[in-house]
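**Student:** So the sequences go chain by chain: Z, F, P and A.
Last residue of the first sequence? That's 213 in my numbering, and every number before it is there in order.
Last residue of the second sequence? That's 213 in my numbering, and every number before it is there in order.
Last residue of the third sequence? That's 213 in my numbering, and every number before it is there in order.
Last residue of the fourth sequence? That's 213 in my numbering, and every number before it is there in order.
Each residue gets a CB set at the ideal place from its N, CA and C atoms; glycine is no exception.
Number of protein chains: 4
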Amino acid sequence: MANKDWKTFMIPYEQAVEELKVKLRAIRTEYRRKNDYSPIEFITGRVKEISSMLEKANKFEIPHDRLAMELEDIAGIRIMCQFVDDIETVVNILRSRQDMKILYEKDYITNVKPSGYRSYHMIIQYPVNMASGVVNIIAEIQIRTLAMNFWAVTEHSLNYKYKQSIPENIKSKLKEAAESAYQLDQTMLDIKDEIKDAQKLFEVKSAI
Amino acid sequence: MANKDWKTFMIPYEQAVEELKVKLRAIRTEYRRKNDYSPIEFITGRVKEISSMLEKANKFEIPHDRLAMELEDIAGIRIMCQFVDDIETVVNILRSRQDMKILYEKDYITNVKPSGYRSYHMIIQYPVNMASGVVNIIAEIQIRTLAMNFWAVTEHSLNYKYKQSIPENIKSKLKEAAESAYQLDQTMLDIKDEIKDAQKLFEVKSAI
Amino acid sequence: MANKDWKTFMIPYEQAVEELKVKLRAIRTEYRRKNDYSPIEFITGRVKEISSMLEKANKFEIPHDRLAMELEDIAGIRIMCQFVDDIETVVNILRSRQDMKILYEKDYITNVKPSGYRSYHMIIQYPVNMASGVVNIIAEIQIRTLAMNFWAVTEHSLNYKYKQSIPENIKSKLKEAAESAYQLDQTMLDIKDEIKDAQKLFEVKSAI
Amino acid sequence: MANKDWKTFMIPYEQAVEELKVKLRAIRTEYRRKNDYSPIEFITGRVKEISSMLEKANKFEIPHDRLAMELEDIAGIRIMCQFVDDIETVVNILRSRQDMKILYEKDYITNVKPSGYRSYHMIIQYPVNMASGVVNIIAEIQIRTLAMNFWAVTEHSLNYKYKQSIPENIKSKLKEAAESAYQLDQTMLDIKDEIKDAQKLFEVKSAI
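Listed below in structure tokens is the structure:
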């Protein structure tokens with residue numbers, strides 16, 4: 006397939022990313038407009054570079070006509086939360102939406118990857134209305150705390166630099182950093198619980 | 006209803022406008038990416054100001070709890086085309102979409118308004134996925150040429166200034182302008198046909 | 006120069022277009038926020054495609070190291086006005102800005118091109134702050150009414166189709182269309198004057 | 006001053022935030038386009054809510070006509086970096102820009118606040134070109150790592166909930182979290198140095 010055709014191939018994926026960013030950012034707007042705490046802090050999205058898509062296809066020997074089925078992260082959305090337990094809230098909101106179909110979920114928070122990677126992944130099917138009709142594409146939504154994201158962004162750039170073979174000494178430093186990030190999330194979660202307790206106390210007092 | 010509640014009332018309408026702008030602009034991107042002529046030149050969108058919504062409700066004696074059913078232009082999208090016959094193409098694209106339901110259509114191009122107003126209106130039902138569930142809202146899509154839009158924008162600002170009672174002498178000037186705009190569209194349409202003829206000739210030649 | 010280098014060459018031009026769009030759109034926001042009539046209806050901007058820039062360089066035999074000085078429309082901004090006399094207001098606003106330097110102006114409204122093209126052009130020098138220091142780039146600002154723009158967009162796409170050699174019969178149709186566009190602008194201008202008169206009458210009455 | 010006048014007062018601040026976001030995001034684009042590591046991860050901006058501006062004015066007894074001079078954070082920009090030592094790079098880039106004037110700097114990274122707050126602040130004067138002339142406004146740029154930001158966002162929302170009087174037990178939890186965030190930044194910085202060493206080794210080898 007020529008470069009021009011790959012650009013055409015990408016159109017519905019780019020469109021899906023644009024639509025999903027607008028739709029999911031609206032969740033945050035909705036909470037904030039109602040003066041409620043938003044479980045979503047911010048959202049980013051991107052489509053895979055054509056070159057790195059073809060590289061991955063090559064590495065895993067995926068025929069080009071099966072890319073749309075086999076590669077689940079051509080369209081990718083990332084949702085950042087402030088606290089670990091916001092992730093579950095976001096997952097439940099996404100599960101209840103009627104404009105996407107969840108194919109399956111991967112819980113790397115309960116089952117942390119050996120590298121230290123933590124995140125919640127949802128693989129969805131999303132219908133894109135094109136001039137020529139509806140195209141159902143597959144997209145990946147990653148949900149994580151700011152600390153998980155901080156760590157993952159760094160690991161990603163190191164993997165990129167070292168072509169997936171990070172030297173052992175840096176790998177162990179990364180695990181140490183993952184531990185700090187985890188501690189940070191836990192401490193924050195403790196505070197969140199205390200906030201809730203404090204608020205409950207306040208409401209009990211008010212009710213008397 | 007307090008101002009705060011009206012702001013909450015507007016959330017799904019604002020969301021619909023944002024989503025529809027992103028979705029319909031993608032049609033233009035799709036054509037252009039494929040090096041095809043796009044029937045859409047540009048798209049704008051807006052929600053009605055709360056104050057002018059309440060004014061309209063007052064004028065037509067619409068109870069506040071019936072606004073969402075009675076006012077069809079709380080969410081408004083405007084699609085501008087280069088040539089008159091692009092409008093039909095756009096209408097057919099919208100009719101075939103599966104993410105909106107067309108309630109009815111108003112053809113002010115065949116049936117020009119006495120004021121000189123020309124445009125094609127589609128009243129649609131559009132589902133907005135909120136954190137709390139799906140809300141079906143009503144929206145108006147106006148499809149017009151650049152010349153129709155030019156005229157309509159001016160008439161709108163005059164109506165605003167004169168509170169719907171434009172003086173007769175200005176009214177007749179406006180009708181004159183509507184005539185010029187119509188002539189402009191017709192001349193352009195002539196050229197478009199000639200372009201098509203020229204291209205057909207070219208293709209016949211190439212086929213020999 | 007490799008494609009990669011041309012992409013680097015374009016960075017300050019892309020940046021200038023982004024900055025100028027944000028800055029000039031703010032003029033409209035400022036007028037509207039103060040409930041005043043805005044002389045600006047809308048603004049678009051674009052950088053020239055690398056391929057069509059190199060084509061133009063080739064056609065006019067411009068050495069590549071002189072492109073930044075010789076091509077004035079690598080960065081292009083277009084300001085659309087509702088009425089012809091808004092153009093002068095916009096020109097004066099731009100002349101008084103301290104963040105750009107006007108190199109020269111081309112008045113194709115007084116001096117209509119033989120093709121029928123009407124627009125006001127300002128060639129400016131604009132400083133872009135890059136990570137590596139300030140780069141002064143040249144940009145072109147086109148100011149026109151909606152009707153002028155409508156005509157110019159069509160002529161541009163015909164020139165593109167016919168590679169600058171539009172057939173005579175279409176050329177004469179285009180001139181006819183330019184005449185309709187001009188009539189439209191004139192009729193609108195008449196109304197604008199009447200609006201002003203009507204407002205003056207109103208103010209005299211109020212003063213008694 | 007009426008609400009309408011405060012909205013007018015805010016115009017140049019909103020404009021400054023829009024311009025600065027576009028300008029500073031371009032730094033990241035410039036690095037990435039050249040395939041270089043960008044010291045900027047992402048940028049956010051906001052203007053202060055009118056209500057919280059007036060509250061602050063009231064609390065510190067600032068006369069309304071001195072707000073523009075006394076309140077330095079009416080326009081606020083936040084630059085997030087991946088590594089602690091990226092902050093210095095960003096500070097130097099900002100110091101060398103010719104489109105803003107740095108009034109003074111506050112280094113809360115060397116001099117951590119008792120609460121645990123770490124960030125680098127630059128108070129700048131920035132000229133906004135309005136339709137009516139140039140207005141010099143004061144804005145605050147905060148530069149921090151993702152971990153510093155994570156902590157600061159949480160502290161801010163707690164301060165908001167507890168109206169600046171966070172209970173002691175939560176305060177000590179927050180300091181614990183600040184310590185985790187600091188550890189995270191330090192571990193990351195260690196890795197960054199190792200990356201640099203690894204790259205230097207690589208270059209030496211290549212040179213042989």
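Roughly how many whole angstroms lie between the Cα atoms of P/Glu-173 and Z/Ile-128?
**Tutor:** Cα-Cα distance, rounded: 58 Å.
**Student:** Report yes if the C-beta distance between Z/Asp-112 and Z/Tyr-125 is below 8 Å; otherwise report no.
**Tutor:** For Z/Asp-112 and Z/Tyr-125, yes; Cβs fall inside 8 Å.
**Student:** Helix, strand or coil, according to DSSP, for Z/Ile-107 in the structure here?
**Tutor:** Note: Z/Ile-107 maps to strand in three-state DSSP.
**Student:** If contact means a Cβ-Cβ distance below 9 Å, which residues of the region 143-176 of chain F contact chain P?
**Tutor:** Answer set for the region 143-176 of chain F: Thr-150, Leu-151, Ala-152, Asn-154, Phe-155, Trp-156, Val-158, Thr-159, Ser-162, Leu-163, Lys-166, Tyr-167, Pro-172, Asn-174 and Ile-175.
**Student:** Pull out every residue of the region 120-145 of chain Z whose Cβ sits closer than 9 Å to any Cβ of chain F, in chain order.
**Tutor:** Answer in chain order: Pro-132, Val-133, Asn-134, Met-135, Ala-136, Ser-137, Gly-138 and Val-139.
**Student:** Taking the alpha-carbon positions, what's the F/Val-95 to F/Pro-44 distance?
**Tutor:** Answer to the nearest angstrom: the Cα atoms are 7 Å apart.
**Student:** Give me the DSSP bridge partner(s) of Z/Tyr-125.
**Tutor:** DSSP, once it has assigned bridges, lists Z/Asp-112 and Z/Ile-148 as partnering Z/Tyr-125.
**Student:** At a Cβ threshold of 8 Å, is P/Asp-41 touching chain B?
**Tutor:** Among the protein chains in the structure shown, which are Z, F, P and A, there is no chain B.
**Student:** With H, G and I counted as helix, E and B as strand and the rest as coil, what does DSSP make of A/Lys-210?
**Tutor:** Low confidence applies to A/Lys-210: its pLDDT is 47, below 50, so where it sits in the model is not reliable, and the reading given next is rough at best. Three-state result, A/Lys-210: helix.
**Student:** Going along the chain, which residues of its own chain have a beta-carbon closer than 6 Å to the beta-carbon of P/Gln-87, five neighbours each way excluded?
**Tutor:** Result list for P/Gln-87: Glu-46, in chain order.
**Student:** Under 8 Å between beta-carbons, which chain F residues line up against Z/Gln-103? List them in chain order, please.
**Tutor:** Going along chain F in sequence order, the residues near Z/Gln-103 (Cβ under 8 Å) are Pro-132, Asn-134 and Val-139.
**Student:** For a contact meaning CB atoms closer than 8 Å, what does Z/Tyr-36 contact in chain F?
**Tutor:** By Cβ distance, chain F contributes Ala-136.
**Student:** How about F/Ile-48: is its C-beta nearer than 8 Å to some C-beta of chain Z?
**Tutor:** It does not; no Cβ of chain Z falls within 8 Å.
**Student:** Under 9 Å between beta-carbons, which chain Z residues line up against F/Lys-106? List them in chain order, please.
**Tutor:** Near F/Lys-106 there are no residues of chain Z at all, since even the closest Cβ is about 13 Å away, more than 9 Å.
**Student:** For the putative contact between P/Val-52 and P/Ala-7, defined by C-beta atoms under 8 Å, what is the C-beta separation to the nearest angstrom?
**Tutor:** Going by Cβ atoms, the distance from P/Val-52 to P/Ala-7 rounds to 18 Å, so no, they are not a contact pair.
**Student:** Just mark A/Pro-68 as buried or exposed, buried being the case when its beta carbon has 16 or more other beta carbons within 10 Å.
**Tutor:** Result: exposed.
**Student:** Starting from A/Ala-80, trace the beta strand (DSSP E) in both directions and tell me its first and last residue.
**Tutor:** Looking at the DSSP string, the run of the beta strand (DSSP E) that includes A/Ala-80 is 80-86.
**Student:** Is it buried or exposed for A/Pro-17, if we count other Cβ within 10 angstroms and need 16 for buried?
**Tutor:** So A/Pro-17 counts as buried.
**Student:** Please list the residues of the region 177-191 of chain A that have a C-beta atom closer than 8 Å to any C-beta atom in chain Z, keeping them in chain order.
**Tutor:** For the region 177-191 of chain A, which is checked against every Cβ of chain Z, the residues closer than 8 Å are Lys-178, Leu-179, Glu-181, Ala-182, Ser-185, Ala-186, Gln-188 and Leu-189.
**Student:** Any idea if A/Arg-5 is buried or exposed, counting beta-carbon neighbours within 10 angstroms, 16 or more meaning buried?
**Tutor:** The question about residue 5 of chain A has no answer here: the residues shown for chain A are numbered 6 through 213.
**Student:** For P/Arg-100, report the span of its beta strand (DSSP E) as first-last.
**Tutor:** Element bounds for P/Arg-100: not the beta strand (DSSP E) but the alpha helix (DSSP H), 91-100.
**Student:** List, in chain order, every chain F residue whose beta-carbon is nearer than 7 Å to that of Z/Lys-28.
**Tutor:** Within 7 Å Cβ-Cβ: Glu-24 and Asn-134.
**Student:** Taking buried to mean at least 16 other C-beta atoms within 10 Å of its own C-beta, is P/Gln-147 buried or exposed?
**Tutor:** With 16 or more Cβ atoms within 10 Å of its Cβ, P/Gln-147 is classed as buried.
**Student:** List the residues of chain F whose Cβ lies closer than 7 Å to the Cβ of Z/Ile-32, in chain order.
**Tutor:** The contacting residues are Ala-136.
**Student:** My understanding is that P/Met-193 touches F/Ala-152, with C-beta atoms under 8 Å, so please give their C-beta distance in whole angstroms.
**Tutor:** Rounded, the Cβ-Cβ distance is 12 Å, inconsistent with contact.
**Student:** Can you find a CB in chain F that lies within less than 8 Å of the CB of P/Ile-196?
**Tutor:** Cβ-Cβ to chain F under 8 Å: yes for P/Ile-196.
**Student:** With contact counted as at least three CB pairs below 8 Å, one residue from each stretch, are the region 99-114 of chain P and the region 128-141 of chain P in contact?
**Tutor:** Verdict: yes, contact present.
**Student:** What residue from Z/Ile-55, Z/Tyr-42, Z/Arg-33 and Z/Ala-31 has the CA that sits closest to Z/Glu-19's CA?
**Tutor:** The residue with the shortest Cα to Cα distance from Z/Glu-19 is Z/Ile-55.
**Student:** Starting from Z/Gln-87, find everything on chain F with Cβ-Cβ shorter than 8 Å and list it in chain order.
**Tutor:** Within chain F, no residue comes near Z/Gln-87; the closest Cβ sits about 16 Å away, beyond 8 Å.
**Student:** What is the C-beta distance between A/Ile-32 and P/Ala-136, in whole angstroms, given that I count them as a contact (C-beta under 8 Å)?
**Tutor:** 5 Å between Cβ atoms; contact.
**Student:** Going by DSSP, what residues sit across from F/Asn-134 in a beta bridge?
**Tutor:** Paired residue(s): F/Val-139.
**Student:** I need the straight-line Cα distance from Z/Thr-34 to Z/Trp-156, nearest angstrom please.
**Tutor:** Cα to Cα, Z/Thr-34 sits roughly 27 Å from Z/Trp-156.
**Student:** Start and end of the beta strand (DSSP E) containing A/Ile-48?
**Tutor:** First-last of the beta strand (DSSP E) with A/Ile-48: 47-52.
**Student:** So which of A/Ala-144, A/Leu-163, A/Ala-186 and A/Tyr-187 has the shortest CA-CA distance to Z/Asp-198?
**Tutor:** Closest by alpha carbon: A/Leu-163.
**Student:** How should A/Asp-91 be labelled, buried or exposed, when 16 other C-beta atoms within 10 angstroms of its C-beta is the threshold for buried?
**Tutor:** The residue is buried, with at least 16 neighbouring Cβ atoms inside 10 Å.
**Student:** Give the residues of chain P in contact with A/Ile-98, contact being defined as C-beta atoms less than 7 Å apart.
**Tutor:** Within chain P, the residues near A/Ile-98 are Ala-136.
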